[in-house]
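Asks: Residue numbers (the numbering used here): 945 to 1029. The beta carbon of each residue, even a glycine, is placed where N, CA and C say it ideally should be. As the structure is a prediction and not an experimental result, all values here were calculated from the model.
Quick look at the structure:
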């Protein structure tokens, strides 16, 4: 008698698990600080300031307490300072 061949069982293929992708965190953008524009001083005001500086230098020795003050200026004036030595 002839032997019957045994049927081979097919192996089931294992399904590969898909790796979950990690979500990238978004970087927060830093806000740029706006630069403040320097106010340009008026020409007449510059002349006035130069005069007050000059007179301050003159009268400093005579009347020290009442030196004329600079008023309404936005900051140091460039090239107008009279040496107060």
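#1: What does the alpha-carbon distance come out to for the pair residue 960 and residue 947?
#2: Could you name the residues of the same chain whose beta carbon sits closer than 8 Å to that of residue 955, not counting the 5 residues immediately before and after it, in chain order?
#3: Where residue 958 and residue 951 are concerned, what is the direct C-alpha to C-alpha distance, given to the nearest angstrom?
Replies: On the basis of the supplied data:
#1: When the Cα atoms are used, residue 960 and residue 947 turn out to be separated by approximately 39 Å.
#2: none
#3: Per the coordinates, the alpha-carbon of residue 958 lies some 21 Å from the alpha-carbon of residue 951.
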